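In the numbering used here, the protein residues as written are 271 to 428. Below: the structure, in C-alpha cells.
And the structure:
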C-alpha cells in the first residue's frame, strides 16, 4: 500500500492523500479488513500529527467495523488496533478501559510473537536439515567417485 509507505517515510500529507477513498462495508470480511487497514493507518497518522479529534473519529470507525466482523482473530494487526483503542480511551480519560485494552494488546502481541518465533525456528530447522542432506549427498557422491577411481586403479594394477 502506497499510503503505508508514505507513513513509514513520515510523509503524512501524501499518505493522507492516498487514503481519500471511500467504500461501503457489508458483512464481507475482505472489505471490512480493507477498511480496518485504512482507518488504522489514518489513526496512526493522526496520532503522530497530534490531531486527536480526527484520531478519535478513526477509532470510532474502527470500533464500528469490528462490530461487523465475527472473525476478530483474522483481523490483521489486531494488536495494533487494540493499542490504538487503548490510547483513545486514555485520551478520553477512561483509564480503566485503556488498561484492559492495553493488557489485551500485550497478550495478543506476545501470542503472535510466540507463533512467529516457532515458525522461524521450524523454517530454520528445515533449512538446516536440507543443508545437512545436501552436504551428505555430496560427500556420498565424492566417496563413490573415490571408490570408482580406486577400483579402476586396482584393476589396472592386476
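C-beta: ideal position from N, C-alpha, C; glycine also. Since the structure is predicted, the reported quantities are computational estimates derived from the model, not experimental observations.
Once the 5 residues before and after residue i are set aside, which same chain residues still bring their CB inside 6 Å of it?
i: residue 275; result: none
Report all residues from its chain with a CB closer than 7 Å to the CB of residue i; omit the five preceding and five following residues, and keep chain order.
i: residue 289; result: 273, 308, 311, 312
i: residue 318; result: 282
i: residue 324; result: 316
Taking the alpha-carbon positions, what's the residue i to residue j distance?
i: residue 357; j: residue 398; result: 43 Å
i: residue 388; j: residue 396; result: 12 Å
i: residue 422; j: residue 415; result: 10 Å
i: residue 366; j: residue 333; result: 18 Å
i: residue 361; j: residue 391; result: 40 Å
Would residue i pass as a contact of residue j if the rule is Cβ separation under 8 Å?
i: residue 378; j: residue 348; result: yes
i: residue 376; j: residue 355; result: no
i: residue 359; j: residue 368; result: yes
i: residue 306; j: residue 345; result: yes
For residue i, which three-state DSSP category applies?
i: residue 280; result: coil
i: residue 321; result: coil
i: residue 355; result: helix
If residue i sits next to residue j, beta carbons under 8 Å apart, how far is it from one beta carbon to the other, in whole angstroms?
i: residue 297; j: residue 338; result: 6 Å
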